[in-house]
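Trainee: Have a look at this one.
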Amino acid sequence: MLQSNYTKREFLKLLGTGSLGIFFMSFYSFDDFLDDDLIILTKDDKKYDQYRKSFNKRIEKFPKIIAVCKSETGIKKAIALANEKKLKIAIRSGGHSFEGFSNVDNGLLIHLGLMNKITWLQENKVKLQPACLLQEIYANFLPKKRIIPAGSCGTVAIGGLTLGGGYGFFSRKYGLTCDNLLRVKMIDYKGNTIDSDKDPDLLWACKGGGNGNFGVVTELHFKTYSAPQSFSGYRMKFNNLTSDKFVKLIRLWFQATENLPNEAFSAFVLNGKFLTILFTNFAANQTDFEKTFSSLIPLANDYKPMKNRNLAAALKNYYGVTEPIYFKNSSAGLYSGIEDIEKGLEDIFAKVVASKGMIYQINTLGGKINEVKVSDSAYPHRDINYLSELQAYWDLPSQEEKLTKSFEEVQQLLRNLGNVKQYRNYPNINFPDANNAYFGNNLLRLQKLKKKYDPNNLFDYPQVIK
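The numbering of the sequence shown is the numbering used here, which starts it at 62 and goes up by one.
In structure tokens:
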């Protein structure tokens, strides 16, 4: 109950809301504290768990206070409360952080889930609030025949995606999500609003280095692009792999993806002894595209081309699961080519096959992504052609220990091969020297900006920039 921690007078004085017409009942909980700006919840409130839980059921954190913010004013009130009560702040836009960094034990969670407005500006630019989900963005953009290069998971929010980089089917043509960011607004530890139009450091930091580090981003402005007329997918499945066949297929896949057109994307997905290879392409002319991977087609147990599909319908195929699940996922290295993992291929295959529920995936990068200078954004990996990810899924908590142990063994195997660069949006709590892995030579500038924007480390999580 609110009364057990704060008096009504103390709370109103702190938030400066005595004149805002907030109505308190004689007996109330934080759940009853509603105005036009925020909802305050504690563990006694019925809606606390609804707002506390994240997409990853593996991670349980229990904030002392959840501030469900509906406006910039609400965010400023929440920051004032955290400062007064000396509570660390975590920030959530969509709740998909692989390691639960968008929540905090015994601190204050700023929950932005109600801030999901889309506003179109002149010249096909758009202003998005941080909790806009990708499925909401595509539903709004595609009837207008516009896109931004975002991801494919429908329930991921634009805030977290952008601030850590952001990539997907359109990125080889148009760059990362963060590369198309034009302007941001952020509320800092004092409750001041900072506009990147007046502070270019902020825009630089938010292009791949901004997840929960500096303040609460409230607006993201993007340039958009004409949506392609159609979208084609080419899926191959390979069954009952042996180690030798796996090595042969991965070599052929790397060869096939060396010179992809920028409109194309590919993923190599190993799940036990089963392999799925996906190629996509949104170019208007794809006459010879299948020749790119013609060496793989006759080896597949199943080949399914899905050509010239309606873009909206095609994207929905990749939205993924929508309900929380148990999982451990993370980046598994950023590669220039097969030479970065060649010596460990047999060991990788053996470990994945022996670990039911584990998936090893490699996705194509390159193209427009690599045309941006390393110094132009916080995201540093501009000479990389492939992003790998390791995934593990299970149904019961009792299965976690064995599978996550195998997961970390594969990660160590990859590190032993020299793979230390990692993608910030796919974090792992066990990465050694994690922020160097995420940000490379850009880390020093990010550390200076942390001192500039959040000198007291009010915004905190286990891998926060320091």
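Backbone N, C-alpha and C define an ideal beta-carbon position, used for all residues, glycine too.
Straight-line CA distance for Phe85 to Lys125?
Mentor: Bear in mind that the predicted position of Phe85 carries a pLDDT of just 25, short of 50, making it unreliable; the figure below should be weighed with that in mind. Cα-Cα distance, rounded: 21 Å.
Trainee: Three-state secondary structure (DSSP) at Arg244?
Mentor: If DSSP states are grouped into helix, strand and coil, Arg244 belongs with the strands.
Trainee: Take the Cβ of Leu505 as the centre, count every other Cβ of all protein chains shown within 10 Å, and call the residue buried at 16 or more, exposed below.
Mentor: Answer is exposed; the Cβ neighbour count stays below 16.
Trainee: Quick check on Val277: buried or exposed, where buried means 16 or more other Cβ atoms within 10 Å of its Cβ?
Mentor: With 16 or more Cβ atoms within 10 Å of its Cβ, Val277 is classed as buried.
Trainee: In the structure shown, what three-state DSSP assignment does Ile445 receive?
Mentor: Ile445 falls in the coil class under three-state DSSP.
Trainee: Rounded to the nearest angstrom, what separates Asn502 and Leu360 at their Cα positions?
Mentor: Their Cα atoms are separated by approximately 42 Å.
Trainee: Kindly indicate which three-state DSSP category Tyr199 falls into: helix, strand or coil?
Mentor: It is helical.
Trainee: Using CA atoms only, rank isn't needed, just tell me which of Lys206, Ile219, Asp105 is closest to Leu189.
Mentor: Per the Cα distances, Ile219.
Trainee: I want to check one thing, is the minimum distance from the CB of Thr303 to the heavy atoms of the ligand COA below 8 Å?
Mentor: Among the components modelled here there is no ligand, and therefore nothing to report on the ligand COA.
Trainee: Would you give the residue range spanned by the beta strand (DSSP E) that Thr254 belongs to?
Mentor: Start and end: 254-256.
Trainee: Measure from the alpha carbon of Ser449 to the alpha carbon of each residue in Tyr396, Asp456, Pro441, Gln460, then state which is nearest.
Mentor: For the residues Tyr396, Asp456, Pro441, Gln460, the minimum Cα distance to Ser449 belongs to Tyr396.
Trainee: Could you give the distance in angstroms between the alpha-carbon of Ile101 and the alpha-carbon of Lys146?
Mentor: C-alpha separation (whole angstroms): 14 Å.
Trainee: To the nearest angstrom, report how far apart Asp437 and Glu319 are at their CA atoms.
Mentor: Answer to the nearest angstrom: the Cα atoms are 25 Å apart.
Trainee: Would you kindly work out how many angstroms separate the C-alpha atoms of Asn371 and Ala288, rounded to a whole number?
Mentor: If I take the Cα positions, the gap works out to 11 Å.
Trainee: Is Lys138 near Ala128, with beta carbons less than 9 Å apart?
Mentor: Contact flag set, yes.
Trainee: Nearest by alpha-carbon distance to Lys389: which of Phe275, Lys131, Tyr421, Lys377 is it?
Mentor: The shortest C-alpha separation from Lys389 is found at Tyr421.
Trainee: Quick check on DSSP: helix, strand or coil for Tyr364?
Mentor: Note: Tyr364 maps to strand in three-state DSSP.
Trainee: So for Glu133, helix, strand or coil by DSSP?
Mentor: Helix, per DSSP.
Trainee: From which residue to which residue does the alpha helix (DSSP H) around Ser467 run?
Mentor: Start and end: 461-477.
Trainee: Taking Cys214 and Leu173 to be in contact with their CB atoms under 8 Å, please state how far apart those CB atoms are, rounded to whole angstroms.
Mentor: So it is not a contact: roughly 18 Å between Cβ atoms.
Trainee: Beta carbon of Leu237, beta carbon of Thr216: below 9 Å?
Mentor: Against a cut-off of 9 Å, the Cβ pair of Thr216 and Leu237 comes out as no contact.
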